[in-house]
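**Student:** Structure in structure tokens, see below.
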Amino acid sequence: MPLAMSRTILPAAVLAVLAVAMGGCGEGKVFHTDRPILRITLDEYRIVPQNIVTTARRIKLVVHNTGRLTHNLEIQNPDGPGGKPVQVPGARVDTMQPGETAPPIKVTLAPGTYRLVCTIANHDDLGQFGTLVVK
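Quick note on the numbering used here: the sequence shown kicks off at 13 and runs consecutively.
Here you go:
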């Protein structure tokens with residue numbers, strides 16, 4: 013194979029392998045629900061489901077830590093003062109040890125887009141965040 017052709021085929025092959033590998037990562041998937049109970053699991057460093065769409069009503073959050081580290085969950089309004097996210101009042105699940113389920117919380121959210129985030133250390137920076145859209 014000529015050198016010029018191998019330089020073209022190798023990058024294309026690498027891109028094809030990366031595209032197949034990234035296709036199974038699950039990013040971008042949206043979980044739609046009209047149920048009043050949201051069941052969420054946390055681990056290193058994910059929130060599952062990561063992107064949720066629901067309707068405006070009183071929502072009960074049941075959160076389980078399936079990871080090996082401690083985790084919590086907070087619902088934040090991303091448009092707080094100075095552009096910083098702020099906790100929605102009463103919308104925080106206590107820190108859980110591995111294998112624990114937090115006491116459920118109930119919140120009423122107005123239509124809008126909210127952040128789901130673990131507030132422990134740098135878990136948010138490591139990817140433990142999501143989006144909750146209330147319609």
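Note that beta-carbon positions come from the ideal geometry of N, C-alpha and C, so glycine has one too.
Between the stretch 114–133 and the stretch 80–95, do at least 3 Cβ pairs fall closer than 8 angstroms?
**Tutor:** Contact between the stretch 114–133 and the stretch 80–95 is present, because at least three Cβ pairs lie under 8 angstroms.
**Student:** If distances are taken between C-alpha atoms only, which option among I59, I117, G102 comes closest to Q140?
**Tutor:** Sequence index remark: in the sequence shown, residue 140 carries index 128 (1-based). The candidate whose alpha carbon is nearest that of Q140 is I59.
**Student:** Let me make sure I understand the geometry here. Which of H44, E56, V75, T82 has the alpha-carbon closest to that of T66?
**Tutor:** As a first step, residue 66 must be located in the sequence shown, where it is residue number 54. T66 has its Cα closest to that of H44, out of H44, E56, V75, T82.
**Student:** Beta strand (DSSP E) containing Q88: first to last residue?
**Tutor:** As a first step, residue 88 is located in the sequence shown; it is residue number 76 there, counting from the start. Its beta strand (DSSP E) spans residues 83–89.
**Student:** Kindly indicate which residue of Q62, P116, M108 has the alpha-carbon position closest to the one of I49.
**Tutor:** Residue 49 sits at position 37 when you count from the first residue of the sequence shown. Comparing Cα positions, the closest option is P116.
**Student:** So I52 packs on H83, CB below 8 angstroms; how close in whole Å?
**Tutor:** Within the sequence shown, numbered from 1, the residue matching residue 52 stands at position 40. Within the sequence shown, numbered from 1, the residue matching residue 83 stands at position 71. That pair is no contact at about 10 angstroms.
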